[in-house]
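Just below is one structure, and these are the notes that go with it.
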Amino acid sequence: MGDDFTPDQKRYLEGFVSGVQASRASKGLATIGGAGAPPAGKAGHDGPDAIHLEAQDRTTAAGKKLVDQEKWKREEHPFDAYPRLKEQAKADQFPKPADNFRWRYYGLFYVAPAQDSYMCRLRIPNGILKTHQFEGVADLAERCGGGYAHATTRANLQFRDIPARCAIDVVEGLIDLGLTARGSGADNIRNVTGDATAGIDPQALLDTRPYAREWHFHIINDRALYGLPRKFNVSFDGGGRVPTLEDTNDIGFQAVQVLDGAGVEPGVWFRLILGGITGHRDLARDTGVLVKPEDATKVADAIVRVFIREGDRTNRAKSRLKYVLDSWGFRKFLAAVESELQLQLPRVDSAFVAPRPAQDRQAHIGAHPQAQPGLNWLGVVLPVGKMTCEQMRGLAALARDMGDGDIRLTVWQNLLISGIPDARLEAAKRRVEVLGLGWKATSVRAGLVACTGSKGCRFAGADTKGTAEGIAAWCEERVALDQPVNIHVTGCHHSCAQHYIGDIGLIGARVPVNEDGDTVDGYHLVVGGGFGETGAIGREVLRDVKATDAPAAVERLLQAWTQHRADPAESFQSFTRRHEPEALAAFAQGGAA
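If you count the sequence shown from 1, position 163 lands on 163 in UniProt numbering, and the numbers rise without skipping.
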C-alpha cells in the first residue's frame, strides 16, 4: 500500500478489504482477485431460507457436524409444521424433542420435567401494550394456563401451565389481541427492548418506540431472519432514567448527542455496541460507529445477516455473536457489515460525543414526573415479576381509568402505569395497594431479579424466585441501606436473571449434603457486577451455599459494606473491588476479612 495513506487509513482499508473478502466468500462469490469457484458444498439454494442452508452446507463441507437443532431446522422449517402443531393440540399431545424445539418458533415451550405443560412467551416491542391487550393476556392465562403471568427481564410477558390441547388457542388468541409470540424462543431474534419511559421521560434524548417497532415488524415479516445459529438480542436505549441494559445485548443502540466538529451532522445519533452476553461473562463493547436513528433497522439487518453466515452451527456453547467477534475482531466484522450494506459507517472521536444522561436505578419504582406537565408514571412492584390474572385486570383498569391506557413493562420485572395526572396520583397508589402490590420498594427489593427457577425450568438448580423473596424478606428487617443494591438470582448457566451484572449475583447449584450423593438447592455467589457507566462482570467469591443459608450470607455481605465503607458515598460495587475474593467470602461466611 502506498505512502499516500496514514497508518490509521491503511489499517481501516486492510480491515475493510478483509471483511469484503470474507463476506463474498460466505455468499459463495469469488474473492477479489481469486479463482472464482464457489465454496464446496454450495447447493444453489434459493428462497428466504437459502442463507441458512448455505451456511449449513459450508459447515458440513468442511467436515464438521451440525448440532441437532440445525438438523431439525433443515429437515423441516418450523413455520412449515403448523398443521402438525394443530394435530398435536387436537390429540392433547405434547411434542417430542425436535418438535419441542420447532414449537418455540411459535412461542410455546414444553417445560417438562419441571412442569408437564407449555409455557408461552410473547413479543411486545419496547415492552409497551394497551390495557385491552393486558387484560386479554390475563384472560388467556386464566382460561388456558395457571391463572398467573410473569414479567420478564426482556420487558415481556410469559405464562405457564398450558395443556397441550390449548396450544392453538394460545397462539391464535394472542393474534386476536393484536399480539404475537412468533420467534420468541429458539434460534431467533428475541423481544426488542427499549426505554420503559419512551416518549414521557424528561431527560431522554429520543423516543425509542418507533425504532423498536420498526425492527420488530422487520423481524417478524422476514423469514430469512429466523433460524439463526443461536438466539439474538437487540435493544434501544434513548437516554431515559430507567436503565434498559442495552449493554447485555448482542446489538445495543445507545442514543448520544454528537457535538459540532465531529465530521458528521451534530445532533442525536445511535452509538453502536456489540457482543453482550453476560452469561458468557461479556458486556457489549463500543464499536466506535455511529448510526442515524432512521438507519438502525438497516444496520441491524446487515449485522444479523453476517452473523447468520458466520455463526457456529456445530457448538451451541460457542454460537453467539460474541464468538464471531472474538474470532474475527471488530474491524473485520464491521468491514463485512459495511460490505453487506454497501456503504461505510461513520466513526466519531468520543471527544465529540456528549456524556449520556445519568440513569436512576430506582426510577422504575414509585411516582415520577413525566415530560408532559402535570402527568406522572407510577412504577409498580411485582414480586419477582409474578402477577395473578385478577391483579392484571386491576392494573389494566387502573391504567384505563387514571392513566393514558399504556402498560409499560421494564427489564426489571415490573411495570409502569403512565399518564397519571397529579390530582389522581394518590388515589392510583391506593388502588395498587388494594391489589396486593406495591408502588414503593426498599433498596433491596427495587433491584431484585429472579429467573423462573426449578419450579418451571428443567435447567435450574434451585427455586430462584423463592430464594429471592426469602433474601428480600430477611434483609429488609436486618439491614438499613441508603443506596440501591441489585441482587440477581439465576437458576443455571443460561443466566436469564443475569447474575454476573448484579452487585450480588447467585447462580443455582446442587449442593451435596452427604457422602451418598444427596443434594439440596444452593448457589454460587458472585459480587461486583454492574451495567452502563459502571459495567462489569462480577467475580465469584463463594461456592455451594445452601439455599436456606443464602439470605444470611447476603445480609452479612451488605452489613460488611455498610460497616466498612471507605466513606458514606462508596457503592457496594466499589467496596467489593477494594477487597480480594477471599476477604469477601469471609464476610459472607460471618468471619473477619
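Even glycine gets a Cβ: it sits at the ideal position worked out from N, Cα and C.
Taking the alpha-carbon positions, what's the residue 216 to residue 555 distance?
Within the sequence shown, residue 216 is the residue found at index 216, counting from 1. Within the sequence shown, residue 555 is the residue found at index 555, counting from 1. If you take the alpha carbons of residue 216 and residue 555, they lie about 41 Å apart.
Report the CB separation of residue 127 from residue 410 in whole angstroms; it is logged as a contact under 8 Å.
Taking the first residue of the sequence shown as position 1, residue 127 is located at position 127. Taking the first residue of the sequence shown as position 1, residue 410 is located at position 410. 7 Å between Cβ atoms; contact.
What are the boundary residues of the alpha helix (DSSP H) that residue 389 is part of?
Position 389 of the sequence shown, counted from the first residue, corresponds to residue 389. Start and end: 389–402.
From residue 207 to residue 191, what does the alpha carbon distance come to, in whole angstroms?
Position 207 of the sequence shown, counting from 1, holds the residue named residue 207. Position 191 of the sequence shown, counting from 1, holds the residue named residue 191. Looking at the two C-alpha atoms, the distance is approximately 18 Å.
Helix, strand or coil for residue 42 per DSSP?
Within the sequence shown, the letter at position 42 stands for residue 42. Low confidence applies here, because residue 42 scores a pLDDT of 46, under 50, leaving its location unreliable; read the following figure in that light. Residue 42 falls in the coil class under three-state DSSP.
Identify every run of the beta strand (DSSP E) within the segment 149–209, keeping only runs that are complete inside it and at least 3 residues long; order them along the chain.
157–162
Report the three-state DSSP secondary structure of residue 350 (helix, strand or coil).
Here residue 350 is taken as the residue at index 350 of the sequence shown, counted from 1. Helix at residue 350.
Exposed or buried, which one is residue 597 when buried takes at least 16 other CB atoms within 10 Å?
The chain is shown only over 1 to 593; residue 597 falls outside these bounds and no answer can be derived.
Give me the Cβ distance between residue 498 and residue 248, rounded to the nearest whole Å; I'm assuming they're in contact under 8 Å.
Against the sequence shown, residue 498 aligns to sequence position 498. Against the sequence shown, residue 248 aligns to sequence position 248. Yes, residue 498 and residue 248 are in contact; Cβ-Cβ is about 6 Å, under 8 Å.
Go to residue 270, then tell me how far its beta strand (DSSP E) extends in each direction, as first and last residue.
Numbered from its first residue, the sequence shown carries residue 270 at position 270. Element bounds for residue 270: 267–274.
Whole-angstrom Cβ separation of residue 195 and residue 242, contact assumed at under 8 Å?
Within the sequence shown, the letter at position 195 stands for residue 195. Within the sequence shown, the letter at position 242 stands for residue 242. Right, their Cβ atoms sit about 7 Å apart.
When 258, 250, 172, 143 are compared against residue 160, the one with the closest alpha-carbon:
Your numbering for residue 160 matches position 160 in the sequence shown. If we check each option's Cα against that of residue 160, 143 comes out closest.
By how many angstroms is the C-alpha of residue 49 removed from the C-alpha of residue 576?
Within the sequence shown, numbered from 1, the residue matching residue 576 stands at position 576. Within the sequence shown, numbered from 1, the residue matching residue 49 stands at position 49. Straight-line Cα distance between these residues: approximately 49 Å.
Can you tell me whether DSSP reads residue 545 as helix, strand or coil?
The residue given as residue 545 occupies position 545 in the sequence shown. Looking at residue 545 - three-state DSSP - the assignment turns out to be strand.
Smallest Cα separation from residue 230: which of 260, 70, 536?
Stepping through the sequence shown from its first residue, residue 230 is reached at position 230. Selected option, being the one with the closest Cα: 70.
When the distance is taken between beta carbons, is residue 473 closer than 9 Å to residue 508?
Stepping through the sequence shown from its first residue, residue 508 is reached at position 508. Stepping through the sequence shown from its first residue, residue 473 is reached at position 473. Not closer than 9 Å, so no.
Considering only the beta carbon of each residue, do residue 465 and residue 450 sit closer than 9 Å?
On the sequence shown, residue 465 is found 465 positions in, with the first residue counted as 1. On the sequence shown, residue 450 is found 450 positions in, with the first residue counted as 1. Yes, they are a contact pair.
With a threshold of 6 Å on Cβ separation, who are the neighbours of residue 397 within its own chain once the five nearest residues in sequence on each side are excluded?
The residue given as residue 397 occupies position 397 in the sequence shown. Cβ within range, chain order: n/a, list empty.
Mapping the DSSP letters down to three states, classify residue 470 as helix, strand or coil.
Residue 470 sits at position 470 when you count from the first residue of the sequence shown. Helix at residue 470.
Taking DSSP as the reference, what is the three-state secondary structure of residue 367?
Taking the first residue of the sequence shown as position 1, residue 367 is located at position 367. Three-state result, residue 367: strand.
Please state if the CB of residue 366 and the CB of residue 378 are separated by a distance shorter than 9 Å.
Counting from 1 along the sequence shown, the entry for residue 378 is found at position 378. Counting from 1 along the sequence shown, the entry for residue 366 is found at position 366. Yes, Cβ-Cβ distance for residue 378 and residue 366 is below 9 Å.
Identify the continuous alpha helix (DSSP H) that holds residue 450 and give its terminal residues.
Against the sequence shown, residue 450 aligns to sequence position 450. Per DSSP, residue 450 belongs to no alpha helix (DSSP H); it is in the beta strand (DSSP E), 448–450.
Touching or not, the segment 164–171 and the segment 94–108, by the rule of three or more beta carbon pairs under 8 Å?
Cβ pair count under 8 Å is three or more, so yes.
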